[in-house]
Every structure is written in C-alpha cells, then in structure tokens.
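*Asks:* As given, the protein sequences belong to chains V and X, one line each in that order.
Just so we're aligned, residue 5 is where the first sequence starts under the working numbering, counting upward by one.
Just so we're aligned, residue 10 is where the second sequence starts under the working numbering, counting upward by one.
Yeah, the Cβ is synthetic: ideal placement off N, Cα and C, and Gly gets one too.
Just so we're clear, the structure is a prediction, and the values are computed from it rather than from any experiment.
Got a structure for you, questions after.
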Amino acid sequence: KQEVTQIPAALSVPEGENLVLNCSFTDSAIYNLQWFRQDPGKGLTSLLLIQSSQREQTSGRLNASLDKSSGRSTLYIAASQPGDSATYLCAVSNAGKSTFGDGTTLTVKP
Amino acid sequence: GAGVSQSPRYKVAKRGQDVALRCDPISGHVSLFWYQQALGQGPEFLTYFQNEAQLDKSGLPSDRFFAERPEGSVSTLKIQRTQQEDSAVYLCASSPDRGRVNTEAFFGQGTRLTVV
C-alpha cells in the first residue's frame, strides 16, 4: 500500500526566505507526482505536475523535483511571500487514484 | 463551467439522515474522482470513474457510501444513514484523460459535511 509522508508538518519563515518542502513515498511505481496548495476552507489548487519520466518542473518561484528511485520529491519556493502561506500537499498517482500526504502548513511572516 | 463545481458547499445532517453530494466536472473530462478529507489530514481516495464506468471503489469506507455517474458527466456521492465519523470535507476532482500518464487533476471547492 502506497504511503506518502511530508516533512515538516508545519513551517514558519520570515518573508524573503527560500525554503524546501519534502515529500517521500514508499512505492516507486507511480505515473506522476503532483504538488497542490490548499488555503483554509478551500479546495486544492494544482501547482506543479511531474510525470514519472521527468526529474523536475518549474513555475515562477516554484521548482519541484522528483527522484522516483528513492521515493522523494521536494518543492522549492524562492523568495517567499506572505501570500504563500497555505498548506502544501503532495500526491502520487497510480492507476487512476492519488495518494496524498498530510501536508506541510507554511506560514510566511511579513 | 470554468472549473469543477460542487454542491452544496456546506451540509449539516442529523445522524441517520441520508445525504447526496453533487459534482459537476470540467466539461469533457473523462475521469472523475471522489476524496474524503478529515480535518488536518490529506485527502483519502474514495472512488474513481472513467466516463460512466466506476473503475475503482476500493476507498469507500462502508456500504453506506454509494457513488454514481450515470451519463458520464455529473456525479453524485450518496451517504446513507450518516454517522458522526462521516463528518469531513468531500472533494471531487476531474481530469481530461483516462487516469494514466499526463493526468493533472483539477479539484472542486469541496462539500463540508457535518453530522450532528
């Protein structure tokens, strides 16, 4: 059974810092890995999708990497802003369904 | 519509009541997923449709949970005889392909169910 772990569970940083969120998964037989953002009381917003054959994806200040063989992904956020405060979830997909971690709750202080 | 739409946004049910949650996926999306999210946790998979076919229902927690997508578009998640442990946010997602490579899932805002 696939298990996804996200570390740390919570993170608080001052504005402007670069930061890394970690995601690990137990079964490397995945189709893709997706990073999401969730604001309180809201649904999930897709940030980046990495196919199993890819190593990384970039969008603006965000960069996600994937090392399928070791079961790890990182989400790098550059020059963090207060508006980045949210919960970040990673999910691995196989045969239709996705398995999620419990998220990292990020607080960026002005 | 522009995105995945779920209704109602909030539902309060008395224990034992039946509820029905609706999901309107993005037009033309083949795959549709239901997830259950408890407070402070990541979403847990419930069930998956490809068009009108329910290909995976392994995540449904009990036979009180039933999902359908009769015409391959709108889907309904029904919970019979609700219990307090059913209180959660129910998320629907759709994707344009057949659930394999290149699947980017788009999520709705969710329905927050509270059973009292």
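Would you kindly work out how many angstroms separate the C-alpha atoms of residue 5 of chain V and residue 64 of chain X, rounded to a whole number?
*Replies:* Residue 5 of chain V sits at position 1 when you count from the first residue of the first sequence. Residue 64 of chain X sits at position 55 when you count from the first residue of the second sequence. Answer to the nearest angstrom: the Cα atoms are 18 Å apart.
*Asks:* Mark residue 22 of chain V as exposed unless 16 or more other C-beta atoms lie within 10 angstroms of its C-beta, in which case mark it buried.
*Replies:* By one-based count along the first sequence, residue 22 of chain V stands at place 18. That one is exposed.
*Asks:* Distance cutoff 7 Å, beta carbons only. Does residue 71 of chain V sit that close to anything in chain X?
*Replies:* Working through the first sequence from its first residue, we reach residue 71 of chain V at position 67. Closer than 7 Å: no.
*Asks:* Using 10 angstroms around the beta-carbon of residue 38 of chain V, count the other beta-carbons present and answer buried if the total reaches 16, otherwise exposed.
*Replies:* Working through the first sequence from its first residue, we reach residue 38 of chain V at position 34. So residue 38 of chain V counts as buried.
*Asks:* Report the residues of the stretch 43-66 of chain V with a CB closer than 9 Å to any CB of chain X, ordered along the chain.
*Replies:* Listed by position along the chain: 45, 46, 47, 48, 49, 50, 53, 55, 56, 57.
*Asks:* Drop a sphere of 10 angstroms on the beta-carbon of residue 85 of chain V, count the other beta-carbons inside from all chains shown, and report buried for 16 or more, exposed for fewer.
*Replies:* Position 81 of the first sequence, counted from the first residue, corresponds to residue 85 of chain V. It is exposed - the Cβ of residue 85 of chain V has fewer than 16 other Cβ atoms within 10 Å.
*Asks:* Where residue 126 of chain X and residue 116 of chain X are concerned, what is the direct C-alpha to C-alpha distance, given to the nearest angstrom?
*Replies:* Past the boundaries of the shown model lies residue 126 of chain X; chain X is included only from 10 to 125, so the question cannot be answered.
*Asks:* Check distances from the C-beta atoms of the stretch 87-106 of chain V to those of chain X and list, in chain order, the residues that come in under 8 Å.
*Replies:* Within the stretch 87-106 of chain V, the qualifying residues are 93, 95, 97, 99, 100, 101, 102, 103, 104, 105, 106.
*Asks:* Check whether chain V comes within 7 Å of residue 57 of chain X, counting only Cβ atoms and requiring the distance to be less than that.
*Replies:* Reading the second sequence from its first residue, position 48 is the one you call residue 57 of chain X. Yes, its Cβ sits closer than 7 Å to a Cβ of chain V.
*Asks:* For residue 48 of chain X, does the count of other Cβ atoms within 10 angstroms reach 16, so buried, or fall short, so exposed?
*Replies:* Taking the second sequence and counting its residues from 1, the one referred to as residue 48 of chain X is at position 39. Label assigned to residue 48 of chain X: exposed.
*Asks:* Kindly indicate the opening and closing residues of the beta strand (DSSP E) around residue 16 of chain X.
*Replies:* Your numbering for residue 16 of chain X matches position 7 in the second sequence. Where residue 16 of chain X is concerned, the enclosing beta strand (DSSP E) stretches over 14-16.
*Asks:* Tell me, which residues are paired with residue 53 of chain X by DSSP?
*Replies:* As a first step, residue 53 of chain X must be located in the second sequence, where it is residue number 44. Partner(s): X:45.
*Asks:* Would you kindly report the start and end of the unbroken beta strand (DSSP E) that includes residue 22 of chain V?
*Replies:* Taking the first sequence and counting its residues from 1, the one referred to as residue 22 of chain V is at position 18. First-last for residue 22 of chain V: undefined, no H or E at that position.
*Asks:* For residue 73 of chain V and residue 14 of chain X, I'd like the C-alpha separation in whole angstroms.
*Replies:* Counting from 1 along the first sequence, the entry for residue 73 of chain V is found at position 69. Counting from 1 along the second sequence, the entry for residue 14 of chain X is found at position 5. Roughly 37 Å between the two C-alpha positions.
*Asks:* Are residue 95 of chain X and residue 125 of chain X closer than 7 Å when you measure CB to CB?
*Replies:* Locating residue 95 of chain X in the second sequence gives position 86, counting from the first residue. Locating residue 125 of chain X in the second sequence gives position 116, counting from the first residue. Not a contact, by the Cβ cut-off of 7 Å.
*Asks:* Is the distance from the Cβ of residue 91 of chain X to the Cβ of residue 31 of chain X below 7 Å?
*Replies:* For the purposes of this step, residue 91 of chain X is taken as residue 82 along the second sequence, with counting starting at 1. For the purposes of this step, residue 31 of chain X is taken as residue 22 along the second sequence, with counting starting at 1. No, Cβ-Cβ distance for residue 91 of chain X and residue 31 of chain X is not below 7 Å.
*Asks:* What do you reckon, is the C-beta of residue 6 of chain V under 6 Å from a heavy atom of the ligand ADP?
*Replies:* This structure lacks the ligand ADP, and indeed carries no ligand of any kind.
*Asks:* Which residues of chain X have a Cβ atom closer than 8 Å to the Cβ of residue 38 of chain V, listed in chain order?
*Replies:* In the first sequence, counting from the first residue as 1, residue 38 of chain V sits at position 34. Going along chain X in sequence order, the residues near residue 38 of chain V (Cβ under 8 Å) are 113, 114.
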